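In the working numbering, the protein residues as written are 127 to 769.
The beta carbon of each residue, even a glycine, is placed where N, CA and C say it ideally should be.
Bear in mind that the values here come from a model prediction, so they are computed numbers and not experimental data.
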């Protein structure tokens, strides 16, 4: 056994490579160094920085300088609990690492004073990390027993928010790259693919296609060149899973991508990532350089004869580039537009060569499947959907962020358990799952177990993992209009059903949510006919669009029509929005007995819809009112109410 603290991470990998042949294996514990000074971890993912982590870090640096304290500051990624940002963890020598939430810059001095004095009272403690041999903080629970974490099973997210994302040594000390070394030394390509097939891993990018099957199709296709592609474009509104994984644990993605490349025989891999993710791109570039320096990427990796070059391709954020053939066209330098299939990418993909495309989450599962065995992974989840799924929780919930749950967990457990319920204790209305191409799930289906087939059965889909929760004040017609507007603008325009059909559906939704106009009988009839055709039009688009994005484009409308038809009917027949969210359908009136004639409301009205003399009650001209509510906001006497 190699003496502790007497081996570098690179030496460990070399010893591991030799040990797989000789049977004399090094221990990961040999990499763990003694901690002689305080370490302060600051959550500096995009969400943390948005909450003020940059200012928090500056305040910590100032404190340490003024107090002349020798401590190390490490920026980590997002642990997933975005509501609690900025998160600061402190690890004193020989003591457990302890985590605090909402540490804004003005709280830094008080927090550090108390922690260095051994006190935690008066601060928002998330919990402590268990570390054998270190002293525990009295009365502080383990962090993963926190209600936000306790029902999660973290595989993809296990290192996020915990390790230094730009330290390959720290990733290796957690067992990183041991799966890749094992594959290169002991597994054939066929054996790797078989393990992925038996694990039951399905693509986490939306379609849920069996990953092993996709890899095997490319593996069996003879070619002098093959490509492995990671889709990190993540175009769904409200989705940020891939970004957070790359920002918090980029080496996990690289390891999974390298294993997949070895399995199919690809010597070049691309990571297609949107340019709007600068922090993720920065950390990816650092990770790739580190892996190359350690001989984990490049030529003849660890003497295996396997070569791999990983390239980053930045996209412009086009939603259609989530479709694999459009993504490949973008990498090739062309406009991102889908192509008919067959041929499938596994036969003729990037540059006409066999190619495999999976997303960040899919690749990030691979190292643990190899390390712990396919049997371990297949034991997680449901009969038809194995493993875990990462969801981005947003909308009207108390706790927003990233959660990773075993397949089979119910929607109710996520929203009312992990997320803490609806914000301001309002009534739950629906959750949009699967992004703009997904569907909504209502209260009657809250106890459905999450897997691919169950979600499709209720008119939704897994998608990439966006979960947007809506409360009683949400207008479902307005939500459908929002997603249809997004889809219509993002349509590549190649096929008529998607290009023209989504445009027409949006026009119908805009019509029924707009202010009634004086119109002749023909115009009213045309409007009514358009509404009657909405459902039929959606079905035609689903059946005739060229690509998967076009085929799923009508889902938000069809789903809301299925469960909230009464809201559509209220908009169409009664010309009212039950949730009072469609501004053009809102009506206001001035209470004569409360109006003082101060004229503030008339000055604020953008359309001149309020008339009246000074110090006399005013009135609203309905035909001019656009329902913006500026008058109600401006009135100090509560003389204006919505009717």
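Item	Value
Where do the N-terminal and C-terminal ends of the beta strand (DSSP E) with residue 767 fall, by residue?	766-768
Taking just the CA atoms, how far does residue 513 sit from residue 334?	12 Å
What's the C-alpha gap between residue 371 and residue 288?	12 Å
In three-state terms, what does DSSP make of residue 182?	helix
Check whether the segment 596-615 and the segment 661-673 touch, using three or more Cβ-Cβ pairs below 8 Å as the test.	no
According to DSSP, is residue 536 part of a helix, a strand, or is it coil?	strand
Give the DSSP-derived three-state secondary structure of residue 191 in the structure shown.	helix
Would you kindly check if the distance between the Cβ of residue 434 and the Cβ of residue 384 is under 8 Å?	yes
Is the CB-CB distance between residue 432 and residue 310 below 8 Å?	yes
Please name the residue in 618, 659 and 175 whose C-alpha comes closest to that of residue 630.	659
Taking all protein chains shown into account, do 16 or more other C-beta atoms lie within 10 angstroms of the C-beta of residue 350, making it buried, or fewer, making it exposed?	exposed
Kindly identify the DSSP beta-bridge partner or partners of residue 164.	197
Taking contact to mean 3 or more Cβ pairs, one atom from each stretch, closer than 8 Å, check whether the segment 551-568 and the segment 680-690 are in contact.	yes
Quick check on this structure: which residue in 150, 261 and 303 has the alpha carbon closest to the alpha carbon of residue 421?	303
Could you have a look at residue 570 and say whether DSSP puts it in helix, strand or coil?	helix
If contact is defined by three or more beta carbon pairs under 8 Å, each pair taking one atom from either stretch, is the segment 493-509 in contact with the segment 265-274?	no
Residue 580 by DSSP, collapsed to three states: which one?	helix
Could you tell me the boundaries of the alpha helix (DSSP H) in which residue 624 lies?	622-638
Going by DSSP, what residues sit across from residue 215 in a beta bridge?	167 and 225
Assuming residue 592 contacts residue 560 (C-beta within less than 8 Å), just tell me the rounded distance between them.	7 Å
Does the distance from the CB of residue 299 to the CB of residue 135 come in under 8 Å?	yes
Just reading off the beta strand (DSSP E) that residue 485 is part of, what are its end residues?	481-485
Since residue 328 and residue 490 should fall inside the 8 Å C-beta cutoff, what is the C-beta to C-beta distance between them, to a whole number of angstroms?	Going by Cβ atoms, the distance from residue 328 to residue 490 rounds to 14 Å, so no, they are not a contact pair.
Give me the residue from 635, 725, 614 and 619 with the minimum Cα distance to residue 628.	614
Say yes only if the C-beta of residue 559 is nearer than 7 Å to one or more non-hydrogen atoms of the ligand ADP, and no if none qualify.	By its list of ligands, the structure shown contains no ligand whatsoever, and the ligand ADP lies outside what it can speak to.
For a test of the three-state rule: what should DSSP assign to residue 527, helix, strand or coil?	strand
Using the rule of at least 16 other Cβ atoms within 10 Å of the residue's Cβ for burial, across every protein chain shown, is residue 188 buried or exposed?	exposed
In whole angstroms, what is the alpha-carbon distance linking residue 487 and residue 256?	26 Å
Mind checking which residues open and close the beta strand (DSSP E) that includes residue 716?	714-716
By a C-beta neighbour count over all protein chains shown, 10 Å radius and 16 as the cutoff for buried, is residue 129 buried or exposed?	Any answer about residue 129 is weak, because its pLDDT of 39 lies below 50 and its placement is not dependable; what the coordinates show is given next. With fewer than 16 other Cβ atoms within 10 Å, it is exposed.
Leaving out the 5 sequence neighbours to the left and right, which residues in its chain are closer than 7 Å to residue 203 when beta-carbon positions are compared?	171, 286, 287, 291, 370, 373, 374 and 375
What number of angstroms, rounded off, separates the C-alpha of residue 730 from the C-alpha of residue 656?	36 Å
Check whether the segment 197-213 and the segment 168-183 touch, using three or more Cβ-Cβ pairs below 8 Å as the test.	yes
In whole angstroms, what separates the C-alpha of residue 218 from that of residue 405?	28 Å
Which residues in the same chain as residue 127 place their Cβ atom closer than 7 Å to its Cβ, once the five residues preceding and following it in sequence are excluded?	Because the pLDDT of residue 127 is 31, which lies under 50, any placement of that residue in the model is unreliable, and the number read from its coordinates should be weighed accordingly. Once the five neighbours on either side are set aside, the close Cβ partners of residue 127 are 153.
Which first and last residues belong to the beta strand (DSSP E) in which residue 254 is found?	251-254
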